[in-house]
Amino acid sequence: MKIKLLLSALTFGLTTAALAQEAAPLQISGSVDTYFKYDFSKTGNIKTSFANEQNSVSLGMIDLALKKTTGKASFVGELSFGPRGQAQSIPNAAGVYDETENSFNIQNLYINYAFSDKFSMTAGYMGTFIGYEVISPAANFNYSTSYLFTNGPFQNAGVKATYAFSDKVSLMAGLFNDWNAYQDFNGVSHVGAQLMVSPVEGWTAYLNFLSGYSAGAAGTGTIYDLTTAYQVTDKFKLGLNAADYHVSGGNGGYTGVALYPQYMVTPAVGLGLRGEYFTYNIPSVPNPSVTSITFSANLKAGGLTFIPEVRFDNDKDFSQSFVKSNLTPTKSASQFSLAAVYAF
Amino acid sequence: MKFFLSFLSSFVLIISANAQTENTLPIDENGKFIQYEVVNSTSKIDLLQARANEFIKKKSKILKLKKSQSDTVIMASGKFVINKTLLVMSRPSGEVIYHFQVEIKEGKYRFWLTDFKFIPYMRDRYGNFVPSTTVGVPLENNPGKLNAGEWEAYKTQTFKFTKEFAVEFKNEMANAIPAAKVKPVEKKVVKKEW
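If you're matching them up, the sequences are chains Z and S in order. The opening residue of the first sequence carries number 1 in UniProt numbering; numbering runs sequentially from there. The opening residue of the second sequence carries number 1 in UniProt numbering; numbering runs sequentially from there.
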């Protein structure tokens with residue numbers, strides 16, 4: 001009886017799969033990632049987002065996204081579970097960063113309406129438009145993340161309008177909540193904009209702006225960001241991210257720049273470097289800075305990508321509290337990691 | 001026994017249905033996949049030109065006109081999306097870009113699609129699938145053992161697409177009047193007079 005049921009289910013499944021090839025009503029996609037990290041000082045020195053656990057085969061997250069389009073309307077709902085999508089992201093389901101309330105993280109939850117081929121409006125909770133790197137490891141070349149990513153916004157809730165003047169120029173403007181907040185407790189307090197230009201084929205640049213007064217903040221925070229990538233040759237791509245964030249009244253912020261040269265040896269093997277210079281704007285003290293060099297490889301087989309990575313950080317002002325294996329302070333830190341990311 | 005026979009027949013039907021799609025594109029003298037056809041036509045050259053241009057205009061979301069050296073040679077670049085489908089779920093794996101060319105002479109025309117290149121998609125920060133690069137991999141390339149299954153599926157979908165594209169294009173070219181010149185049908189108003 002059980003065999004009959006199984007075979008019936010299998011036959012039904014195969015038949016449905018064959019028929020369903022004509023339609024694509026619902027997109028389901030996502031990724032799963034896991035990693036091993038080893039800091040050469042035998043302690044978790046580098047404190048950028050994710051992949052922090054020392055000498056351990058640790059979890060990233062499972063990320064699940066649904067998208068459906070009906071006519072001109074569409075929605076995206078994307079949830080993640082696991083350290084990368086829970087405690088290490090902000091906020092979680094309770095709307096706060098709290099290890100004890102750790103449940104899941106909403107990456108995207110928005111509705112879009114395309115009034116025409118050129119004009120669309122989106123409302124909800126969206127991945128931030130600021131910066132080069134993102135939370136999902138499937139969309140990053142390097143597995144560890146930059147200081148610019150860690151210190152910038154992760155997501156923005158709000159309403160935005162996008163107008164495409166042509167394939168080469170588009171403008172987005174919107175009103176947003178505080179950074180990484182499902183609900184804004186001091187009103188919709190931020191205004192943001194993004195100008196996209198693509199001067200030549202293969203080169204795209206985004207000029208981003210976001211400014212507003214967050215609940216409980218010491219001043220108005222304003223970020224200017226340039227994110228650009230140029231496919232210089234068939235195999236060589238160069239990316240750049242530069243950002244300046246400051247809170248009015250000299251109440252902090254940061255400035256940084258990161259360069260991302262990447263070379264595809266074959267379609268399945270890529271090598272990439274990330275060089276970053278990052279400065280904290282701290283009131284009343286000389287601004288500490290950090291430099292970081294990360295060398296990563298991407299080895300792809302279908303949906304699977306292996307990312308072996310070596311990273312060296314230099315903290316000349318001791319702002320990162322790096323220590324040697326004997327726990328004495330040091331200016332430098334280095335680590336090796338190997339990550340497996342499966343995107344589907 | 002009956003049940004096993006019905007299962008076996010269903011399974012054979014599915015395999016044969018799939019086998020029908022296991023065709024590949026022919027290869028030209030340069031070793032590139034090509035969908036090439038010569039079609040005889042009684043229509044005049046200018047009418048065929050208008051129809052070919054109208055076809056590209058209608059398909060403006062997937063076809064972009066390139067600069068041509070003469071009026072009787074029409075070139076365009078195109079793309080179509082490769083979808084991976086299972087049950088009621090679907091997601092785009094990537095897109096295939098291609099070159100489309102039409103050449104027109106008195107009494108006949110020829111057209112072909114070639115230079116097929118696959119561009120994989122990746123999910124962007126907003127959960128949408130977008131091209132991961134601007135550089136495509138020629139469909140003729142050997143993808144290696146690990147990606148062979150998916151690559152075959154891309155080729156099968158490309159073959160299916162080119163067949164449908166060719167039928168659609170020939171239908172457009174066979175139209176008696178270009179779509180742009182078709183007058184809208186006058187609406188008949190039914191008056192309740194008696």
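Ideal Cβ positions, reconstructed from N, Cα and C, are used throughout, including at glycine.
Here the alpha carbons of asparagine 105/Z and leucine 59/Z stand approximately 15 Å from one another. Residues of the stretch 223–236 of chain Z whose Cβ lies closer than 7 Å to any Cβ of chain S, in chain order: Gln231 and Asp234.
Among the residues of the stretch 148–172 of chain S, those with a Cβ less than 7 Å away from any Cβ of chain Z are Glu150, in the order of the chain. Under the rule that a run must span 3 or more residues, the beta strand (DSSP E) segments found entirely inside the stretch 242–312 of chain Z read 253–266, 269–280 and 289–301. Below the 7 Å Cβ cutoff, chain S contributes Met89 and Arg91 as neighbours of isoleucine 28/Z, in chain order. Contact with chain S is absent for asparagine 140/Z, since none of that chain's Cβ atoms lies less than 8 Å from the residue's Cβ.
At a cut-off of 8 Å between beta-carbon atoms, threonine 134/S makes contact with chain Z.
Note on leucine 48/S: 16 or more other CB atoms within 10 angstroms of its CB, so buried under the neighbour-count rule. Contact of valine 137/S with chain Z by beta-carbon distance below 8 Å involves Pro267. The residues Phe169 and Glu172, in chain order, have a CB closer than 7 Å to that of phenylalanine 55/S in the same chain once the five nearest residues on each side in sequence are set aside. Counting other Cβ atoms within 10 Å of its Cβ, lysine 67/Z reaches 16 or more and is therefore classed as buried. Scanning Thr291/Z, Ala301/Z and Ser337/Z for the CA closest to the CA of lysine 316/Z turns up Thr291/Z. Beta-bridge analysis with DSSP links isoleucine 34/S to Thr114/S.
Straight across, the Cα-Cα distance linking threonine 134/S with threonine 233/Z is about 10 Å. Here glutamine 54/Z carries a coil assignment [DSSP, helix/strand/coil]. Contacts between aspartate 28/S and chain Z, judged by CB atoms closer than 7 Å, are missing: the closest CB pair is about 22 Å apart.
According to the DSSP assignment, glutamate 164/S belongs to the alpha helix (DSSP H) that extends over 148–174. Excluding five sequence positions before and after glycine 275/Z, the CB atoms of its chain that fall closer than 6 Å to its own CB belong to Leu259 and Ile293, given in chain order.
About 12 Å separates the CB atoms of phenylalanine 159/S and phenylalanine 80/S; that is not less than 8 Å, and the two are not in contact. Those residues of the stretch 113–134 of chain S placed with their C-beta closer than 8 Å to a C-beta in chain Z are Met122, Arg123, Asp124, Arg125, Tyr126, Gly127, Asn128, Phe129, Thr133 and Thr134, ordered along the chain. Assignment of aspartate 46/S by DSSP, reduced to helix, strand and coil, places it in the helix class. According to the DSSP assignment, phenylalanine 149/Z belongs to the alpha helix (DSSP H) that extends over 147–151. DSSP, read as helix, strand or coil, puts glutamate 133/Z in coil. Counting only residues of its own chain and dropping the five nearest sequence neighbours on each side, phenylalanine 236/Z has a CB closer than 7 Å to the CB of Tyr263. Under a criterion of Cβ atoms nearer than 9 Å, the residues of chain S adjacent to lysine 67/Z are, in order, Arg91, Gly127, Asn128 and Phe129. Within 10 angstroms of the beta-carbon of glycine 253/Z lie 16 or more other beta-carbons, which makes it buried. Collapsing the DSSP output to three states places lysine 192/S in coil. Assignment of phenylalanine 55/S by DSSP, reduced to helix, strand and coil, places it in the helix class. Against chain S, the beta carbon of asparagine 108/Z has neighbours under 7 Å at Tyr126 and Gly127, listed in chain order. In the DSSP assignment, tyrosine 224/Z falls within the beta strand (DSSP E) that extends over 221–231. Taking the Cα of lysine 67/S as reference, the smallest distance to any Cα among Lys61/S, Lys192/S and Phe100/S is reached at Phe100/S. For alanine 215/Z, the three-state secondary structure derived from DSSP is coil.
A buried status is given to arginine 123/S, since no fewer than 16 other beta-carbon atoms sit within 10 Å of its beta-carbon.
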